[in-house]
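Peer 1: In case it helps, this note's numbering puts the sequence shown at residues 4 to 162.
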Amino acid sequence: LACAVLVAAFAPALTASAEETTPVPTRPPGVRLAKLFQRERNVLSYEQLRLRMANDAVKAIQDFIAEQKAQGKNTKPLEEGLAAFQTAIASAQSFHDTAKSALDAKAGFAADGTVTDPAQARETVKTAGKAERDFHRTLRQARINLHRAFKSYREANKV
Numbered sequence: 004l005a006c007a008v009l010v011a012a013f014a015p016a017l018t019a020s021a022e023e024t025t026p027v028p029t030r031p032p033g034v035r036l037a038k039l040f041q042r043e044r045n046v047l048s049y050e051q052l053r054l055r056m057a058n059d060a061v062k063a064i065q066d067f068i069a070e071q072k073a074q075g076k077n078t079k080p081l082e083e084g085l086a087a088f089q090t091a092i093a094s095a096q097s098f099h100d101t102a103k104s105a106l107d108a109k110a111g112f113a114a115d116g117t118v119t120d121p122a123q124a125r126e127t128v129k130t131a132g133k134a135e136r137d138f139h140r141t142l143r144q145a146r147i148n149l150h151r152a153f154k155s156y157r158e159a160n161k162v
């Protein structure tokens, strides 16, 4: 009974405090787009590294093929795999260039990366993001195919 009396006595105070909510701080418009813009620029830097590594791999594979040919081995699977890999690198480079040009244009963004026009900024981030995803898919599949070519070569030459 005492608990019921205490609850009844404080009930109006409890409901009043529940109604008085503190305002939820909102982010200024464009903060998310600005963060996405910076993220896409970071991804672009990483893509440059991946392209450099892919081109270094091409040189190493060419040297390996030359060594294997000198030993009289059939390197046709490797040569075909390498040609496909180089084609994929060129395709990935075009996706990288698309993303770079979209981000360099900074449509909807100020020079410091803040949003000036949300619609244009959204389109910039969207264009760059799609190109970067296509870049990733292209190089990933090319790496898988190159691995298969090496596997085929090893099986054919008992290496």
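Glycine included, C-beta positions come from ideal geometry on N, C-alpha and C.
Which residue wins for smallest C-alpha separation from residue 145, given the options 97, 154, 107 and 91?
Peer 2: In the sequence shown, the residue the question calls residue 145 occupies position 142. That would be 91, whose Cα lies nearest to the Cα of residue 145.
Peer 1: Taking 8 Å as the limit between beta carbons, can you name the residues of its chain near residue 49, skipping five residues before and five after?
Peer 2: Against the sequence shown, residue 49 aligns to sequence position 46. Apart from the 5 residues on each side of it in sequence, residue 49 has no Cβ closer than 8 Å to any other Cβ in its chain.
Peer 1: Got a sec, what are the start and stop residues for the alpha helix (DSSP H) residue 138 sits in?
Peer 2: If you number the sequence shown from 1, residue 138 lands on position 135. From DSSP, the alpha helix (DSSP H) with residue 138 extends over 121-160.
Peer 1: Write down the C-beta distance between residue 153 and residue 99 rounded to the nearest angstrom, noting that I regard them as a contact closer than 8 Å.
Peer 2: Walking along the sequence shown from the start, residue 153 turns up at place 150. Walking along the sequence shown from the start, residue 99 turns up at place 96. The Cβ separation is near 25 Å, so there is no contact.
Peer 1: Buried or exposed for residue 43, going by 16 or more other Cβ atoms inside 10 Å?
Peer 2: In the sequence shown, residue 43 corresponds to position 40, counting from 1. With 16 or more Cβ atoms within 10 Å of its Cβ, residue 43 is classed as buried.
Peer 1: Determine the direct distance from the alpha carbon of residue 120 to that of residue 102, and round the result to whole angstroms.
Peer 2: On the sequence shown, position 99 is the one that residue 102 refers to. On the sequence shown, position 117 is the one that residue 120 refers to. Spanning the two alpha carbons is a distance of roughly 19 Å.
Peer 1: Around the Cβ of residue 46, are there at least 16 other Cβ atoms within 10 angstroms (buried) or fewer (exposed)?
Peer 2: Your numbering for residue 46 matches position 43 in the sequence shown. By the Cβ neighbour-count rule, residue 46 is buried, with 16 or more other Cβ atoms within 10 Å of its own.
Peer 1: Near residue 41, which residues of its chain fall below 8 Å by C-beta distance, leaving aside the five closest residues on each side in sequence?
Peer 2: Here residue 41 refers to the residue found at position 38 of the sequence shown. Around residue 41: 116.
Peer 1: Look at the alpha carbon of residue 133 and the alpha carbon of residue 66, and state the distance between them as a whole number of angstroms.
Peer 2: As a working mapping, residue 133 is identified with position 130 in the sequence shown. As a working mapping, residue 66 is identified with position 63 in the sequence shown. Computed Cα separation, rounded: 35 Å.
Peer 1: Measuring straight from C-alpha to C-alpha, what distance separates residue 110 and residue 51?
Peer 2: By one-based count along the sequence shown, residue 110 stands at place 107. By one-based count along the sequence shown, residue 51 stands at place 48. Roughly 22 Å separates the two Cα atoms.
Peer 1: List the endpoints of the continuous alpha helix (DSSP H) containing residue 98.
Peer 2: Working through the sequence shown from its first residue, we reach residue 98 at position 95. Unbroken alpha helix (DSSP H) run through residue 98: 79-108.
Peer 1: Please report the Cβ distance between residue 82 and residue 68, rounded to the nearest whole angstrom; I am assuming they are in contact, meaning their Cβ atoms lie under 8 Å.
Peer 2: Here residue 82 refers to the residue found at position 79 of the sequence shown. Here residue 68 refers to the residue found at position 65 of the sequence shown. Yes, residue 82 and residue 68 are in contact; Cβ-Cβ is about 6 Å, under 8 Å.
Peer 1: Hey, how far is the Cα of residue 73 from the Cα of residue 94?
Peer 2: Position 70 of the sequence shown, counted from the first residue, corresponds to residue 73. Position 91 of the sequence shown, counted from the first residue, corresponds to residue 94. Going from the Cα of residue 73 to the Cα of residue 94 covers about 31 Å.
Peer 1: Do residue 106 and residue 131 have their C-beta atoms within less than 9 Å of each other?
Peer 2: Translated into the one-based positions of the sequence shown, residue 106 becomes position 103. Translated into the one-based positions of the sequence shown, residue 131 becomes position 128. Result yes, Cβ atoms of residue 106 and residue 131 sit closer than 9 Å.
Peer 1: Please classify residue 135: is it buried, with 16 or more other beta-carbons within 10 angstroms of its beta-carbon, or exposed?
Peer 2: By one-based count along the sequence shown, residue 135 stands at place 132. Counting Cβ neighbours within 10 Å, residue 135 comes out buried, since at least 16 surround it.
Peer 1: Check each candidate in 147, 141, 127 and 75 and name the one with the smallest Cα separation from residue 33.
Peer 2: Walking along the sequence shown from the start, residue 33 turns up at place 30. Among 147, 141, 127 and 75, the Cα nearest to that of residue 33 is on 127.
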